[in-house]
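Enquirer: Start counting at 1 in the sequence shown, then tack on 82, and there's your number in our numbering.
Heads up, the beta-carbon is just placed ideally off N, CA and C, and yes, glycines get one too.
Got a structure for you, questions after.
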Amino acid sequence: MDISIDRKKLKKQNVDTDELIERISTGQAILFTGAGFSSLTKNINDEEPSAAKDLALEICQLGGFQSDEDLRYATDYYIANNNISNLIQLLKKKYTITQTHSTHDEICSAKWRRFYTTNYDKSIEIASAKVGKLVECIDISYPTDTYYKKESLCIHLNGSIDSLNEESIETTFKLSTSSYISPDSFTKSDWHYYFKKDLERCSAIVFVGYSMYDIEIQKILFENSDLKEKTYFITRENPNPKTSFTLSKFGKIIPIGIEGFSKLINENSKNIAGYDSEHDLQSLAKYDLSHEKIEIRDADVEAMIMFGYVNTGSIDDAVLGEQVIPSLIVRKSLDLVKEFISNGKNVVLYSDMGNGKSIIISQIHSYLTANSYECYYLNDIEGDYISDIDHLSKSGKKIVITLDGYERYLDLLKHFSLSLPNNINIITTSRTAEHERLRHELKEMKFEYSEVCLDELYENEILSLINIIDNLGMWGDKAGFSISQKLRFIEQKNNSQLSLTLLNLFNSPQFKDRVKTELSPLMRDNEIKDTVFAIALSEVLDIPCKSSIISEISGNDKIFSADLRNNKNFKNLFHMDGDGIKTKSSLFCLSLIRHHFSPSYVTATLQKIAKRFNEYKVKDYEQRTIFLATLRFSFVERLLSDTNKKGNLKRYYENLKVSVSWLKSDPHFWLQYGMANITFKEYSKAQQFLDSSYSLAMKKEKYHTSNIDTQQARLFLLVAMEEKDSHKAFDGFSKAHSLLDKLDNDVYKYRQVDMYNDFYSSCYEKITKGNQVYFERACQKMEKSIEKAVSNGEINLSQQLPIKKTKDKLGNILKNIIEQRDVKNQ
Numbered sequence: 083m084d085i086s087i088d089r090k091k092l093k094k095q096n097v098d099t100d101e102l103i104e105r106i107s108t109g110q111a112i113l114f115t116g117a118g119f120s121s122l123t124k125n126i127n128d129e130e131p132s133a134a135k136d137l138a139l140e141i142c143q144l145g146g147f148q149s150d151e152d153l154r155y156a157t158d159y160y161i162a163n164n165n166i167s168n169l170i171q172l173l174k175k176k177y178t179i180t181q182t183h184s185t186h187d188e189i190c191s192a193k194w195r196r197f198y199t200t201n202y203d204k205s206i207e208i209a210s211a212k213v214g215k216l217v218e219c220i221d222i223s224y225p226t227d228t229y230y231k232k233e234s235l236c237i238h239l240n241g242s243i244d245s246l247n248e249e250s251i252e253t254t255f256k257l258s259t260s261s262y263i264s265p266d267s268f269t270k271s272d273w274h275y276y277f278k279k280d281l282e283r284c285s286a287i288v289f290v291g292y293s294m295y296d297i298e299i300q301k302i303l304f305e306n307s308d309l310k311e312k313t314y315f316i317t318r319e320n321p322n323p324k325t326s327f328t329l330s331k332f333g334k335i336i337p338i339g340i341e342g343f344s345k346l347i348n349e350n351s352k353n354i355a356g357y358d359s360e361h362d363l364q365s366l367a368k369y370d371l372s373h374e375k376i377e378i379r380d381a382d383v384e385a386m387i388m389f390g391y392v393n394t395g396s397i398d399d400a401v402l403g404e405q406v407i408p409s410l411i412v413r414k415s416l417d418l419v420k421e422f423i424s425n426g427k428n429v430v431l432y433s434d435m436g437n438g439k440s441i442i443i444s445q446i447h448s449y450l451t452a453n454s455y456e457c458y459y460l461n462d463i464e465g466d467y468i469s470d471i472d473h474l475s476k477s478g479k480k481i482v483i484t485l486d487g488y489e490r491y492l493d494l495l496k497h498f499s500l501s502l503p504n505n506i507n508i509i510t511t512s513r514t515a516e517h518e519r520l521r522h523e524l525k526e527m528k529f530e531y532s533e534v535c536l537d538e539l540y541e542n543e544i545l546s547l548i549n550i551i552d553n554l555g556m557w558g559d560k561a562g563f564s565i566s567q568k569l570r571f572i573e574q575k576n577n578s579q580l581s582l583t584l585l586n587l588f589n590s591p592q593f594k595d596r597v598k599t600e601l602s603p604l605m606r607d608n609e610i611k612d613t614v615f616a617i618a619l620s621e622v623l624d625i626p627c628k629s630s631i632i633s634e635i636s637g638n639d640k641i642f643s644a645d646l647r648n649n650k651n652f653k654n655l656f657h658m659d660g661d662g663i664k665t666k667s668s669l670f671c672l673s674l675i676r677h678h679f680s681p682s683y684v685t686a687t688l689q690k691i692a693k694r695f696n697e698y699k700v701k702d703y704e705q706r707t708i709f710l711a712t713l714r715f716s717f718v719e720r721l722l723s724d725t726n727k728k729g730n731l732k733r734y735y736e737n738l739k740v741s742v743s744w745l746k747s748d749p750h751f752w753l754q755y756g757m758a759n760i761t762f763k764e765y766s767k768a769q770q771f772l773d774s775s776y777s778l779a780m781k782k783e784k785y786h787t788s789n790i791d792t793q794q795a796r797l798f799l800l801v802a803m804e805e806k807d808s809h810k811a812f813d814g815f816s817k818a819h820s821l822l823d824k825l826d827n828d829v830y831k832y833r834q835v836d837m838y839n840d841f842y843s844s845c846y847e848k849i850t851k852g853n854q855v856y857f858e859r860a861c862q863k864m865e866k867s868i869e870k871a872v873s874n875g876e877i878n879l880s881q882q883l884p885i886k887k888t889k890d891k892l893g894n895i896l897k898n899i900i901e902q903r904d905v906k907n908q
């Protein structure tokens with residue numbers, strides 16, 4: 083029985099076009115076009131470009147074989163049996179546009195963040211040019227590092243007519259099977275990741291003339307319910323039920339046709355043109371104090387301690403008022419930071435992982451805002467933060483900009499140092515290792531700052547931490563300790579560090595069991611398991627957990643899945659918010675990896691990640707950070723539990739140089755491999771690999787061997803202290819000192835000099851008097867080098883605590899030598 087449907091009587095979907103216009107007017111919307119967008123355009127034959135089925139038939143006719151509407155089949159058959167140049171000529175004629183319609187011109191007149199299209203023709207570029215806008219035509223073979231941050235791009239996912247030639251027709255120009263499975267295919271290209279980033283960051287995704295046949299794009303849109311809220315489909319009036327049903331799963335349908343959409347933009351042109359990006363910050367967001375009444379429960383405090391989830395309102399209450407329930411350690415450094423800022427100084431806050439950098443930034447927002455400063459934080463890393471700073475510099479107000487992890491924003495710091503706005507100060511954070519690495523670069527760009535090390539808690543801060551743990555009943559077998567015993571435990575056992583105290587809590591059997599209960603159901607699905615690992619890895623690396631990067635690390639799109647995001651167990655472990663995970667607990671994630679993922683899984687997965695990321699022609703900051711971390715011994719070693727760690731690490735490095743073949747000729751790789759063997763006291767093997775590292779370094783022009791030298795000095799000292807022969811022991815020390823003496827005065831050098839104290843304790847008494855004199859002078863020289871570095875401003879002993887401790891040890895060695903000499907001379 084046939085059922086006829088009168089489409090005109092179908093109820094139309096009521097869509098708020100005012101909201102769509104508002105989203106477009108921000109200038110941050112994406113226009114995504116398909117074949118339907120090119121209707122009403124004219125090619126050089128004065129015809130509309132052919133649709134896929136029509137093109138397939140024309141290719142069959144050109145090749146003189148049986149007609150078929152399957153474009154991929156028709157192209158494959160033609161290429162296998164006919165002259166490609168004739169096919170290219172046909173395509174050039176069909177898709178070289180000479181004329182666009184006024185509807186295209188109107189649509190392109192709006193300010194779009196980016197254009198994406200599956201079309202071969204250049205209707206977008208031509209229409210944009212007609213309204214005075216220059217839009218560049220690129221395809222997915224173009225390098226992302228050169229083009230991604232450019233404005234006014236049209237990215238042709240299936241290739242553009244401009245790039246069509248005998249090579250691209252089977253690679254980037256999507257017609258044949260070989261082009262779809264080539265390494266340049268969209269889903270395998272660098273642009274796939276950036277497309278997902280664009281979807282996260284845009285204000286709207288507007289599809290025009292697109293039929294949603296692309297399964298990969300379908301998957302991303304369908305699985306991510308947050309994207310649905312800002313996705314719009316411009317369809318013809320009264321679309322058929324199949325189209326309505328299909329598209330409604332992905333977003334809102336606006337059945338007005340391309341001409342209707344053009345008219346909508348034309349009627350609202352003043353609103354769209356009225357968008358003033360200069361006065362609407364693109365990257366920075368202002369912090370406003372919360373005025374809502376926050377009731378803190380124990381569960382909220384536990385979520386903050388364990389998973390890093392913090393309500394900004396509760397931080398405001400804790401910093402500016404009395405804490406009814408102990409929930410937050412209000413850092414003493416807030417007053418010091420305020421003093422620096424009031425004196426017009428920038429501030430760098432640094433610490434090791436998990437010692438409170440991110441949480442103190444939140445406290446600073448509350449504290450300084452309450453003290454009449456306007457605080458801004460980076461809300462969109464891809465936005466134009468340099469223009470934002472230029473705009474704020476004209477306001478005349480006292481402004482503080484906070485950057486959590488300044489290593490991502492060196493271009494911003496450089497711009498700030500050159501422009502020096504007199505009303506703005508910057509407060510930044512960094513992990514200690516990153517800050518030490520970048521000190522010289524900050525000096526080169528003349529970024530002036532005061533610094534605060536957050537690693538050690540003051541006594542009153544430790545007491546606040548004790549109060550929080552007491553209230554939650556999380557002491558376990560130490561619950562019976564007195565306050566003074568708990569204070570001593572944190573000071574001595576945990577070196578007064580928040581991170582070590584929390585790691586002790588995470589390592590407790592009770593906590594492990596609770597996490598296992600939530601994690602076990604998730605781990606049964608391999609894609610979810612990989613996604614959980616990707617989230618944890620991102621947090622440990624201090625990388626914002628956006629869905630796009632989690633998808634890249636895991637190698638799947640499960641993070642976009644509504645089923646996963648709504649999974650009770652998953653939500654108990656992670657806090658989903660919009661385009662990613664908003665929690666910030668690197669320690670919890672480190673504990674998650676170490677205790678709930680086997681070492682063999684960790685090493686195998688890191689190897690896959692290294693291999694996959696190595697294949698990317700160009701890497702952005704996040705991708706490069708992840709890739710380099712997979713090569714770094716100290717990082718990989720930290721992720722593994724103690725179960726057969728030595729064997730797993732050795733196998734990892736053995737396999738890594740196979741997965742990433744160029745590592746075999748890289749001096750830094752052999753240095754890392756050598757460090758792995760030093761850790762496990764396989765000193766002869768370590769020396770073999772350091773020798774390889776030196777040899778390869780010598781072949782590279784202008785390669786600095788300082789990193790190899792520090793590890794070689796370390797190895798000399800370790801071997802020396804195991805020598806029974808006193809002459810060999812001293813010889814090892816002498817070689818180490820000669821190497822270190824030539825190096826720059828930084829933390830990496832003095833980390834090895836710190837071992838002079840161990841050499842003194844184990845070897846000084848057995849070496850000859852002449853060698854004792856050499857050792858004493860070596861210690862004096864190193865002590866003076868620290869003093870000189872302090873006077874030159876290279877070192878800040880009040881903040882660089884490891885170097886201060888090394889200086890103290892050198893002082894004690896020299897004091898003891900003098901006292902012993904005095905005793906002998908009496």
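If I measure Cβ to Cβ from isoleucine 316 and keep anything under 6 Å in the same chain, skipping five residues before and after, which residues do I get?
Expert: Val290, Ile336, Phe343
Enquirer: Considering only residues of the same chain and omitting the five flanking positions on each side of threonine 178, which have a CB-CB separation below 7 Å?
Expert: Within the same chain, threonine 178 has close Cβ partners Asn125, Ile126, Ile243.
Enquirer: Let me know if proline 681 comes out buried or exposed under the rule of 16 or more other beta-carbons within 10 Å of its beta-carbon.
Expert: buried
Enquirer: Please state whether DSSP places isoleucine 336 in a helix, a strand or coil.
Expert: DSSP places isoleucine 336 within a strand segment (E or B) once states are collapsed to three.
Enquirer: What whole-angstrom Cβ distance do serine 673 and leucine 585 have, given they're in contact under 8 Å?
Expert: 7 Å
Enquirer: Let me know the beta strand (DSSP E) ranges lying completely inside the stretch 145-183, each 3 residues or longer, listed in chain order.
Expert: Here the runs fully enclosed are 179-181.
Enquirer: Thinking lysine 886 and leucine 879 are a contact (beta carbons under 8 Å), I'd like their distance in whole angstroms, please.
Expert: 4 Å
Enquirer: Kindly indicate which residue of Lys310, Tyr432, Asp486 has the alpha-carbon position closest to the one of arginine 521.
Expert: Tyr432
Enquirer: Please report the Cβ distance between alanine 811 and isoleucine 849, rounded to the nearest whole angstrom; I am assuming they are in contact, meaning their Cβ atoms lie under 8 Å.
Expert: 7 Å
Enquirer: Kindly indicate the opening and closing residues of the beta strand (DSSP E) around leucine 772.
Expert: Where leucine 772 is concerned, there is no enclosing beta strand (DSSP E), although the alpha helix (DSSP H) it sits in stretches over 765-780.
Enquirer: How long is the line joining the alpha carbons of tyrosine 314 and glycine 487, rounded to whole angstroms?
Expert: 35 Å
Enquirer: My output table needs one value for aspartate 607: the three-state DSSP class, helix, strand or coil.
Expert: In the structure shown, aspartate 607 sits in coil (DSSP, three-state: anything other than H, G, I, E or B).
Enquirer: With DSSP as the reference, label isoleucine 939 as helix, strand or coil.
Expert: A question about residue 939 goes unanswered here, because the residues of the chain that appear run from 83 up to 908.
Enquirer: What did DSSP end up calling valine 118 once you bin it into helix, strand or coil?
Expert: As written in the sequence, residue 118 is glycine, which differs from the valine given in the question. DSSP places glycine 118 in helix when its eight states are reduced to three.
Enquirer: Within the same chain, show all residues whose beta-carbon is closer than 7 Å to that of lysine 781, passing over the 5 residues directly before and after it, in chain order.
Expert: none
Enquirer: Counting Cβ pairs closer than 8 Å, one from the stretch 390-408 and one from the stretch 543-554, do we hit at least three?
Expert: These segments touch.
Enquirer: Using only the alpha-carbon positions, how far apart do glycine 469 and cysteine 457 sit?
Expert: Position check: residue 469 holds serine in this sequence, whereas glycine was assumed. Looking at the two C-alpha atoms, the distance is approximately 17 Å.
Enquirer: What are the start and end residues of each continuous alpha helix (DSSP H) run of 4 or more residues lying completely inside the stretch 497-567, in chain order?
Expert: 514-526, 541-554
Enquirer: Can we count aspartate 362 as close to the ligand SAH, meaning its CB is less than 7 Å from some heavy atom?
Expert: Absence of the ligand SAH is noted for the structure shown, with no ligands found whatsoever.
Enquirer: Can the beta-carbon of tyrosine 292 be found closer than 8 Å to that of glycine 241?
Expert: no
Enquirer: Buried or exposed: which applies to isoleucine 565, given that a residue is buried once 16 or more other Cβ atoms fall within 10 Å of its Cβ?
Expert: exposed
Enquirer: As an exercise, report each continuous beta strand (DSSP E) stretch of at least 3 residues that is fully enclosed by the stretch 629-654, in chain order.
Expert: none
Enquirer: Looking at the C-beta of serine 581, does it have a partner C-beta in chain C at a distance below 8 Å?
Expert: Given the protein chain composition of this structure (a single chain), no chain C is represented.
Enquirer: Output needed for lysine 479: all residues of its chain with C-beta closer than 7 Å, excluding positions within five of it in sequence on either side, in chain order.
Expert: Glu456, Asn505
Enquirer: Is it true that the CB of isoleucine 302 sits closer than 8 Å to the CB of tyrosine 198?
Expert: no
Enquirer: Starting from the C-beta of lysine 368, find all residues in its chain whose C-beta is less than 6 Å away, skip the five residues before and the five after it, and write them out in chain order.
Expert: Tyr458
Enquirer: In three-state DSSP terms, what is glutamine 255?
Expert: Rather than glutamine, the amino acid found at residue 255 in this sequence is phenylalanine. DSSP places phenylalanine 255 in coil when its eight states are reduced to three.
Enquirer: Taking one C-beta from the stretch 489-498 and one from the stretch 438-455 each time, how about it: are there three or more such pairs within less than 8 Å?
Expert: no
Enquirer: Could you work out which residue in Leu485, Pro503, Glu530 is closest to serine 512 when comparing CA atoms only?
Expert: Leu485
Enquirer: Are the CB atoms of serine 245 and lysine 176 within a distance shorter than 8 Å?
Expert: no
Enquirer: From glutamate 421 to arginine 720, what distance separates their C-alpha atoms?
Expert: 37 Å
Enquirer: For cysteine 457, does the three-state DSSP call read helix, strand or coil?
Expert: strand
Enquirer: Is there contact here, the stretch 715-734 with the stretch 637-649, by at least three beta-carbon pairs under 8 Å?
Expert: no
Enquirer: Can you name the residues that DSSP bridges to cysteine 219?
Expert: Residue pairing from DSSP places cysteine 219 in a beta bridge opposite Cys236.
Enquirer: Considering lysine 368, what are the terminal residues of the beta strand (DSSP E) in which it resides?
Expert: 366-368
Enquirer: Would you say alanine 692 and threonine 707 are within 8 Å of each other, going by their C-beta atoms?
Expert: no
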